[in-house]
Structures are given as C-alpha cells and as structure tokens.
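Inspection log for the structure reproduced underneath, given as structure tokens.
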Amino acid sequence: IVVEKQGFKHFMLKEIYEQPGVVRVCLEAYTNSTWEAGQTTPPVNLDLDPSLYQDLQHIQILACGTSWHAALVGKYLLEQLAGIPTMVQYASEFRYAPAPLMANTLVIGVTQSGETADTLAALAMEQERRANLEPQFSPRLLGITNRPESSLGNLVDNIIDIHAGIEIGVAATKTFVAQVMAFYALALELAYRRHTLPESRIEEILVGLRQLPGQIELVLESQERYIEELAHEFGETQDFIFLGRGINFPIALEGALKLKEISYIHAEGYPAGEMKHGPIALLDAKVPVVAIAMAGSVYDKVLSNAQEAKARDARLIGVTPMDEKEAEETFDDLLPVPVVEELLSPILAVIPLQLLAYHIAARRGLDVDQPRNLAKSVTVE
Ligand code: G6P
Numbered sequence: 253i254v255v256e257k258q259g260f261k262h263f264m265l266k267e268i269y270e271q272p273g274v275v276r277v278c279l280e281a282y283t284n285s286t287w288e289a290g291q292t293t294p295p296v297n298l299d300l301d302p303s304l305y306q307d308l309q310h311i312q313i314l315a316c317g318t319s320w321h322a323a324l325v326g327k328y329l330l331e332q333l334a335g336i337p338t339m340v341q342y343a344s345e346f347r348y349a350p351a352p353l354m355a356n357t358l359v360i361g362v363t364q365s366g367e368t369a370d371t372l373a374a375l376a377m378e379q380e381r382r383a384n385l386e387p388q389f390s391p392r393l394l395g396i397t398n399r400p401e402s403s404l405g406n407l408v409d410n411i412i413d414i415h416a417g418i419e420i421g422v423a424a425t426k427t428f429v430a431q432v433m434a435f436y437a438l439a440l441e442l443a444y445r446r447h448t449l450p451e452s453r454i455e456e457i458l459v460g461l462r463q464l465p466g467q468i469e470l471v472l473e474s475q476e477r478y479i480e481e482l483a484h485e486f487g488e489t490q491d492f493i494f495l496g497r498g499i500n501f502p503i504a505l506e507g508a509l510k511l512k513e514i515s516y517i518h519a520e521g522y523p524a525g526e527m528k529h530g531p532i533a534l535l536d537a538k539v540p541v542v543a544i545a546m547a548g549s550v551y552d553k554v555l556s557n558a559q560e561a562k563a564r565d566a567r568l569i570g571v572t573p574m575d576e577k578e579a580e581e582t583f584d585d586l587l588p589v590p591v592v593e594e595l596l597s598p599i600l601a602v603i604p605l606q607l608l609a610y611h612i613a614a615r616r617g618l619d620v621d622q623p624r625n626l627a628k629s630v631t632v633e
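Per UniProt numbering, the sequence shown starts with residue 253, numbered consecutively.
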C-alpha cells in the first residue's frame with residue numbers, strides 16, 4: 253500500500269486531520285448505531301470470547317509509549333464505568349517485576365504496531381506464568397492494536413482492531429485516539445454486562461461519543477491557524493510543563509511526549525495537584541505551562557493550580573471549554589474546545605496539543621515525521 257501526504261506538509265499533520273474519520277470508523281465497528289436503552293440487543297459488540305469477561309475481578313494493562321497513555325485513560329474508564337480495579341504498567345517494567353498473580357484477571361496488551369518487543373514479551377510471560385494453574389488463574393489475553401495481522405495477533409486470540417489505517421508519522425496521533433475509542437467500547441461493554449451503569453447512562457455516553465467527530469473537526473478548523481501563529485512564540489523555549497488531572501492527566505503526559513518527540517524541547521507532564529511538590533521550582537517567565545482545564549470534577553482545581561503557576565510569572569496556555577469567562581481571565585493563551593462532559597473530554601483536549609507540538613517542530617524546521625533517535629516500532633528490548 254502506498255500512503256501519500258495528500259497535500260499536507262507532513263504525514264503527522266495529515267494523520268491529525270484523519271482523526272474525525274477514525275473516530276467515526278471505530279464507532280461504526282464497535283457500537284450498535286440504533287441501540288437505545290431497554291433494547292435486548294447489546295449496545296456494543298467487540299466480538300470477543302465471552303470467557304474473557306466471566307467473573308472478571310481485575311484488569312492488568314501492559315503497554316509502552318503513547319499506548320501506555322491510552323491505557324491510563326482506559327484505566328479511568330474501566331474503573332469509573334465498569335467498576336473493575338485496573339492496573340496499568342509499562343511492559344518494560346512489568347517484565348522484571350511482575351505483580352503477584354491475581355485470579356480472574358483480564359490482561360490487555362496495547363500496541364499500535366503489534367510489534368513492540370517489551371509488550372509482546374510481557375504478554376508472553378503472563379501467558380506462561382498462568383499456564384497449568386487452577387482455572388481461575390488461566391490466561392485471558394486481549395490485544396488492542398492497529399495491526400491485527402502482527403506478532404501480537406499471532407500471540408493473542410482476542411483482538412480489538414483500532415481501524416486507524418496506516419500511521420506513518422513516528423509520533424502517534426490517530427492511533428492514540430483510536431486506542432482510546434477502543435477503551436470506551438470495552439468499558440461500555442463491561443458496564444452493560446455487569447450492570448454497573450443504568451442503560452440510560454450508557455445511551456447518554458454513546459450519544460456523546462457520536463458527537464466527537466464533528467467536534468474534532470471544529471477544533472481543527474477553528475484552532476489550527478491560531479496554534480500555528482502561537483508556535484512562533486516558542487522559538488527559544490527550552491522547557492514546557494503540561495498539567496492535567498483525572499482523566500486528562502494522561503493527556504498532559506501525551507502532550508508533553510508529543511512535544512519532546514518531535515521538537516526536542518524538554519517537556520514534563522504532571523498531575524496538576526502535584527506541581528507544588530516539585531515542578532513549581534522550575535517555573536519562571538521562560539517556562540510556559542499548558543494546563544488542561546476541562547469542565548467537570550477538577551475544573552476549579554486545575555484553574556487554581558494554573559493560577560499558582562501564573563504567580564511565578566509562567567506564561568499560561570489553557571486547553572479550556574469554549575466561552576468560559578474565568579478561563580479567559582486566567583490564561584494568557586486559550587485553546588478552546590467544545591463543551592462536553594468530562595468523561596469524553598480527553599479526545600478533544602489532545603487535539604490542540606498535537607497541533608501545538610506539530611507547529612512548534614515544523615516551525616523549527618525539524619523532520620517531524622522521522623524525529624532523531626526514534627523508531628515507529630521498537631522491536632528490540
Ligand atoms: C515507539 C514509537 C511511539 C510508540 C511506542 C509504542 O516508541 O515511537 O510512538 O508510542 O513505540 O509503540 P506501539 O506500537 O507498541 O504502540
């Protein structure tokens with residue numbers, strides 16, 4: 253298959269723009285578009301072996317890089333929607349210090365390429381550790397990948413295909429969003445089967461998910477020019493801090509990772525409430541702070557964390573809900589996204605951060621699609 257840039261300057265930008273379509277394809281693949289509360293057919297269908305779900309008590313997710321960030325969003329969804337305690341570990345760490353075996357555990361490997369050596373080895377190890385034990389410990393493996401025909405596909409019987417299409421840019425964008433979509437589907441499927449949410453609530457979340465493609469388009473249309481301009485102002489910047497909380501803490505990590513991967517600017521993602529325990533010492537007028545302040549349970553907290561940064565002269569950039577007066581007063585620069593419920597906000601919050609990283613790197617004339625020292629898939633330990 254030959255993949256072309258189709259008029260975009262880089263594959264990464266093209267892939268950022270493909271995200272509304274990717275979300276649509278995921279929704280079509282995973283959900284029943286005519287489902288309403290009370291119907292007997294299920295709202296979500298992932299075609300997984302029902303034995304994966306039986307008496308499920310724990311979920312263990314293994315991943316690397318951006319996939320690990322998607323897994324952190326997944327943990328939030330699986331715990332808050334389906335009520336299943338979920339651990340997320342770097343596969344490279346888990347391999348040499350695995351958690352004690354827990355019964356009735358679903359082990360999920362998340363890897364866009366399906367070829368990351370550490371993720372494959374951690375899953376193989378888990379399969380081996382669990383072989384020949386009492387039935388409640390037997391391995392239940394699930395892969396979330398963009399390449400069902402990969403080595404992961406050979407190792408694991410149950411796969412959720414994320415349907416993102418080939419991603420060329422080394423810095424993952426559309427595959428991250430698609431992995432998060434897979435976790436919405438899995439969490440809703442489990443919530444439905446386990447009756448942890450009323451069906452009306454499941455319907456409400458599905459309605460919200462279906463609005464995301466149009467909302468991503470709106471962010472792309474309304475923000476890109478502004479972010480391109482804004483990127484000019486960070487020609488000399490050497491450090492960035494990204495803050496987020498709750499379901500958007502992983503988005504702060506992802507925003508920081510995108511920026512360091514392609515622009516070579518040092519960037520740290522931090523839970524906003526932890527800033528005062530360390531990173532605040534770094535702040536001055538030369539260190540911009542990007543805060544993700546989405547409407548919901550931690551909105552006021554993130555705003556007050558951002559104000560603490562402002563008191564140290566940091567330039568404050570806010571990813572905020574549209575038309576929020578208080579946010580307008582707090583931040584020096586606003587990257588507004590449509591107002592959605594907190595649970596759905598990560599998919600919108602990540603878009604301006606991808607664009608910011610892209611334009612800062614492109615502005616510096618860097619090889620955005622092939623950053624130095626990085627590989628699209630890391631097939632060695
Ligand atoms: C490499 C890539 C990252 C990616 C990570 C995990 O480091 O540069 O973009 O997130 O591998 O890749 P995977 O294919 O397992 O998702």
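We treat Cβ as the ideally placed atom computed from N, Cα and C, and that holds for glycine.
With DSSP collapsed to three states, give me the class of residue i.
| i | result |
| --- | --- |
| Leu535 | coil |
| Asn384 | coil |
| Tyr348 | coil |
| Thr582 | helix |
| Tyr342 | strand |
| Gln312 | strand |
| Val362 | strand |
| Asp307 | coil |
| Gly317 | helix |
| Thr489 | coil |
| Phe494 | strand |
| Glu378 | helix |
| His518 | strand |
| Val541 | strand |
| Asn500 | helix |
| Leu393 | strand |
| Asp413 | strand |
| Thr371 | helix |
| Pro604 | helix |
| Val632 | coil |
| Thr283 | strand |
Classify residue i as buried or exposed, calling it buried when 16 or more other Cβ atoms lie within 10 Å of its own Cβ.
| i | result |
| --- | --- |
| Gln388 | exposed |
| Pro302 | exposed |
| Lys261 | exposed |
| Met546 | buried |
| Ile414 | buried |
| Thr318 | buried |
| Gln463 | exposed |
| Lys266 | buried |
| Gly361 | buried |
| Gly498 | buried |
| Arg392 | buried |
| Met574 | exposed |
| His321 | buried |
| Gly548 | buried |
| residue 695 | One cannot answer for residue 695 here, as it falls past the ends of the chain, which runs 253 to 633. |
| Thr283 | buried |
Can you find the residues in the same chain that come closer than 8 angstroms, C-beta to C-beta, to residue i, ignoring five residues on each side of it along the sequence?
| i | result |
| --- | --- |
| residue 201 | Summary: the structure shown does not reach residue 201, with the chain confined to residues 253 through 633, and so no result is reported for it. |
| Thr631 | Glu367, Thr368, Ala369 |
| Ile454 | Ala289, Pro295, Leu440, Ala443, Tyr444 |
| Val408 | Gly361, Leu375, Leu393, Leu394, Gly395 |
| Arg624 | Tyr516 |
| Ala351 | Gln312, Met339, Gln341 |
| Thr448 | Leu333, Ala334, Gly335, Leu442 |
Among the options, which one has its Cα closest to the Cα of residue i?
| i | options | result |
| --- | --- | --- |
| Lys538 | Gln475, Asp552, Glu485, Val459 | Glu485 |
| Ala323 | Ala423, Phe428, Glu480 | Phe428 |
| Leu442 | Gly326, Arg615, Arg616 | Gly326 |
| Tyr305 | Ile336, Glu288, Trp287, Leu314 | Ile336 |
| Gly496 | Gln490, Gly507, Thr489 | Gly507 |
| residue 231 | Met264, Glu526, Glu331, Gln258 | The chain is shown from 253 up to 633; residue 231 falls before or after that span and cannot be answered. |
| Ile412 | Thr397, Arg615, Tyr269, Val541 | Thr397 |
| Leu329 | Phe435, Ile268, Gly405 | Phe435 |
| Arg446 | Cys316, Gln332, Glu280, Ala430 | Gln332 |
| Lys628 | Gln431, Gly421, Gln258 | Gly421 |
| Tyr269 | Gln490, Pro465, Tyr478 | Pro465 |
| Thr582 | Asn557, Leu596, Leu595, Glu419 | Asn557 |
| Tyr551 | Glu256, Tyr478, Gly525 | Gly525 |
Near residue i, what residues of its chain come up, given a Cβ to Cβ distance below 7 angstroms and the 5 sequence neighbours on each side ignored?
| i | result |
| --- | --- |
| Gln475 | Leu587, Pro604, Leu607 |
| Lys510 | Ala423, Leu605, Gln606, Ala609 |
| Ala601 | Asn500, Ile503, Ile544, Met546, Val571, Val589 |
Which same chain residues end up closer than 6 angstroms to residue i when comparing Cβ atoms and leaving out the 5 residues on each side of it in sequence?
| i | result |
| --- | --- |
| Asp565 | Asp536, Ala537 |
| Ile612 | Ala483, Phe486, Ser515 |
| Lys562 | Leu568 |
| Thr338 | Ile311, Lys327, Leu330, Glu331 |
Give a single yes or no on whether residue i has its beta carbon closer than 7 angstroms to a heavy atom of the ligand GDP.
| i | result |
| --- | --- |
| Ile412 | No copy of the ligand GDP appears in this structure; the ligands present are the ligand G6P. |
Meets three-Cβ-pair contact criterion under 8 angstroms: the region 346-361 and the region 294-312: yes
Taking contact to mean 3 or more Cβ pairs, one atom from each stretch, closer than 8 angstroms, check whether the region 443-461 and the region 517-527 are in contact. no
Is it the case that the region 583-601 contacts the region 397-405, given that we only count it when at least three CB pairs across the two stretches are under 8 angstroms? no
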